[in-house]
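What follows is a single structure, written as C-alpha cells, with notes after it.
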Amino acid sequence: MKQVVLAAYARGNPKASDFRIENVAVPVPGDREILLRVLYIAVDPLIRFSLDETTLTGATRMALNTVMVGPTVAQVAASNHPDYTAGDFVEGRTGWSEYAIVAPDKSDYRGPPRKIDASLAPVSTALGALGGPGQTAYEGVVNTGRLKAGETMVISAAAGAVGSIAGQIGKVLGARVVGIAGGAEKVRGLLDLGFDAAVDYKAPDFAEQLKAALPEGADVYFENVGGAVTLAVMPLLKRGARMPVCGYIAYYGVGMEGPGPDHLPGFYRHIMNKGLEIKSFAGMLAGQKGLQDIAAWIKEGKIRFAESIVEGIDAAPEAFASVFSGHAHVGKLLIKVGDPA
Ligand SMILES: NC(=O)c1ccc[n+]([C@@H]2O[C@H](COP(=O)([O-])OP(=O)(O)OC[C@H]3O[C@@H](n4cnc5c(N)ncnc54)[C@H](OP(=O)(O)O)[C@@H]3O)[C@@H](O)[C@H]2O)c1
37 MKQVVLAAYA RGNPKASDFR IENVAVPVPG DREILLRVLY IAVDPLIRFS
87 LDETTLTGAT RMALNTVMVG PTVAQVAASN HPDYTAGDFV EGRTGWSEYA
137 IVAPDKSDYR GPPRKIDASL APVSTALGAL GGPGQTAYEG VVNTGRLKAG
187 ETMVISAAAG AVGSIAGQIG KVLGARVVGI AGGAEKVRGL LDLGFDAAVD
237 YKAPDFAEQL KAALPEGADV YFENVGGAVT LAVMPLLKRG ARMPVCGYIA
287 YYGVGMEGPG PDHLPGFYRH IMNKGLEIKS FAGMLAGQKG LQDIAAWIKE
337 GKIRFAESIV EGIDAAPEAF ASVFSGHAHV GKLLIKVGDP A
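Just remember that my numbering sits 36 ahead of the position in the sequence shown, which is counted from 1.
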C-alpha cells in the first residue's frame, strides 16, 4: 500500500516537496484491532499546525518520516473488535495512507472511529458538511455568532469547507450573506450556492467592492483568515457586531511575531469604538445537535454539500500545499483513495 510521510518541516506555507510517498506492506490487525481501507482523505488546513520544526501554536509536532496525520473516511476491511463489522463505514483520524490499523479501545480524546450512516448522504460528507467542517460552521454561525433573521453576515475563506456551509446556514436562518474568496471562479461558486453577494479579495478594488456589497455594514463577521481581508472588513462592522473567530489561515505559516507593520492599534480602536464581541470557538462544540440540524437541512434541500474530489493518494501533497497558495475548488477538498467494496 501507499502512504504519505512528512519529509521536511514546513517553512512558511507547506510545499509538495515537504512530503514523500512510500510503498509498505498492508498491516495486519491484532487482538481488538480493526483494519481500515481508506476511501477519502480530508485536505484540512489545521494540519499545518503540526508541521513546524519548533511548534508555534501548542499543537503536537509531527516527527519526520512518520505518516501524515489527518481525518479520513474508511471502510472496515477486517475486524477483531466486537463493535465493528467488515463493510462498516467510519470516520476517524487514520492519516494519509491507503490502509490503517486502529485499536478502538485505545483511541485519544476524539474517541473511537465514528460510524457513518451511508443512507443520509454520500460517505465523503462525513469529512465536510456532516463532519468537522459542518459542526464548525454551525457552532460559529448559530452559537458563537448568534446570527438572526434579517441580519447580515460576512464570511472570509467563504468558498472553503467551513465557509461554504456557514453561508448556507446563514440563509436557512433568514440572514443576508456576503462571501469573500479568491478568484472569479470561487465568486461564481458562492453565488451558485445561494450567497447574496460574493467578493474577490484578490481584485485591486476589493475594499470598494466589499463596501458596495455591505451598504449597511455587517452584524456578524465569520473570521477564517486574518490579514488584509480582516483589515478591510473591520470598518464595515456595525456597532455591537459579533466576530466568531474560526481560524486565521493567513498567519499559519508566519509564527507568533508575524510580519510588520503591526495593525493592532487600529484593530483595537474598532473593538473599543464599536463594542465588538470577538470570540474564538471549537467546531466540535456543535456536537450531535449541529450534525442533526445540518442533515435535516440537506434532506429538505436547504443546504448543498459542495465537494471537490482529487483522485489518488499521490495527489495528496500537491492538494494540501494548494490550500495555502490558491486553488479554484469550492467546498470541501478531498483526496479519493478508493471505492467502497
Ligand atoms: N475553530 C475550529 O474548530 C476550526 C475547525 C476547522 C477549520 N477551522 C479553520 O477554519 C478556516 C477554514 O477552514 P476550511 O476547512 O474551510 O478550509 P479550506 O476548505 O481548506 O479552505 C481554506 C481556504 O482559505 C483561503 N486562504 C488560504 N490562505 C489565505 C490567505 N493568506 N488569505 C486569504 N485566504 C486564504 C483559500 O481560499 P481562497 O482561494 O478563497 O483564498 C483556501 O482555499 C481555517 O482557518 C481553519 O483553520 C477552524
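Where is the CB? At the ideal position from N, CA and C, for every residue including glycine. These numbers were taken from a predicted model, which means no experiment stands behind them.
Candidates the options: closest to residue i by CA position
{"i": "residue 244", "options": "63, 200, 271", "result": "271"}
{"i": "residue 283", "options": "261, 265, 113", "result": "261"}
{"i": "residue 175", "options": "281, 61, 238, 255", "result": "281"}
{"i": "residue 130", "options": "118, 150, 228, 117", "result": "150"}
{"i": "residue 68", "options": "83, 333, 143", "result": "143"}
{"i": "residue 184", "options": "166, 123, 211", "result": "211"}
{"i": "residue 248", "options": "358, 269, 137, 193", "result": "269"}
{"i": "residue 148", "options": "154, 140, 155", "result": "140"}
{"i": "residue 267", "options": "299, 277, 287, 289", "result": "299"}
{"i": "residue 38", "options": "333, 223, 60", "result": "60"}
{"i": "residue 181", "options": "135, 80, 276, 307", "result": "276"}
{"i": "residue 43", "options": "66, 87, 65, 76", "result": "87"}
{"i": "residue 66", "options": "138, 119, 310, 264", "result": "138"}
Distance CB(residue i)-CB(residue j) smaller than 7 Å
{"i": "residue 103", "j": "residue 41", "result": "yes"}
{"i": "residue 152", "j": "residue 125", "result": "yes"}
{"i": "residue 255", "j": "residue 238", "result": "no"}
{"i": "residue 191", "j": "residue 215", "result": "yes"}
{"i": "residue 195", "j": "residue 226", "result": "yes"}
{"i": "residue 198", "j": "residue 161", "result": "no"}
{"i": "residue 95", "j": "residue 85", "result": "yes"}
{"i": "residue 345", "j": "residue 370", "result": "yes"}
{"i": "residue 289", "j": "residue 128", "result": "no"}
{"i": "residue 177", "j": "residue 206", "result": "yes"}
{"i": "residue 232", "j": "residue 208", "result": "no"}
{"i": "residue 123", "j": "residue 218", "result": "no"}
Near ligand 1: residue i beta-carbon under 6 Å from a heavy atom
{"i": "residue 209", "result": "no"}
{"i": "residue 82", "result": "yes"}
{"i": "residue 260", "result": "yes"}
{"i": "residue 85", "result": "no"}
{"i": "residue 341", "result": "no"}
{"i": "residue 231", "result": "no"}
| Stretch-stretch touch, CB-based, cutoff 8 Å, three pairs: the region 307–324 with the region 335–352 | no
| Does the pairing of the region 63–82 with the region 100–119 give three or more beta-carbon distances under 8 Å? | yes
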